[in-house]
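With numbering that gives the first Met the number 0 applied, the sequence shown corresponds to residues 0 to 112, in that order. A virtual CB, placed ideally from N, CA and C, is assigned to each residue, including glycine.
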Amino acid sequence: MGLVEDFNAYRSKMNEKIMDSDSLIIKRIFNLDTNAYAEGHLDIKSKELIGLTCSLVLRCDDCVKYHLGKCKEVGFTTDEINEAMGVATLIGGTIVIPHLRRAFEFWEELQHV
């Protein structure tokens, strides 16, 4: 499998195990996360771009990969993603660069899925 398929398969498998734990706290956190990205005063595209840039600044590779996938689903172009990730790297500083490399690699893979 490729980078995108491996990530999605692992995420799905582990999310299922997490949900099977039947923890009310975890279920509420997952629900809150899902609802935060629903259409509201901000459209879904804006929320996904915010999620991507915050995840990059916070240096969470799994979160970056997830939001890159969602950004592709909602129709962002490579130029839009690159510009947003540039801003995130400016805000986060040079420590973000290793995560930016992985983000570029994952976005590139997403273009072939």
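Cβ-heavy atom distance, residue i to the ligand COA, below 7 Å
i, result
"THR88", "Within the structure as shown, the ligand COA is missing, as the structure has no ligands at all."
Length of the line joining the Cα atoms of residue i and residue j
i, j, result
"SER20", "THR33", "19 Å"
"GLY91", "HIS111", "29 Å"
"ILE25", "LEU55", "23 Å"
"ILE49", "GLY1", "26 Å"
First through last residue of the alpha helix (DSSP H) which encompasses residue i
i, result
"LEU67", "60-72"
"VAL86", "77-91"
"VAL95", "No alpha helix (DSSP H) holds VAL95; DSSP gives it neither H nor E."
"GLY50", "43-57"
Test item: CB-CB of residue i and residue j under 8 Å
i, j, result
"THR52", "VAL86", "yes"
Can at least three beta-carbon pairs, one atom from the stretch 32-51 and one from the stretch 66-83, be found at a separation below 8 Å? Counting Cβ pairs under 8 Å, three or more are found: they touch.
Are the stretch 59-66 and the stretch 90-105 touching by the rule of at least three beta carbon pairs closer than 8 Å? Touching, per the Cβ criterion.
At 4 residues or longer, and completely inside the stretch 5-39: list those alpha helix (DSSP H) runs for me, N to C. Counting only runs that start and end inside the stretch 5-39, the alpha helix (DSSP H) elements of at least 4 residues fall at 23-35.
The stretch 71-85 / the stretch 11-19 touching (three or more Cβ pairs under 8 Å): No, they do not touch.
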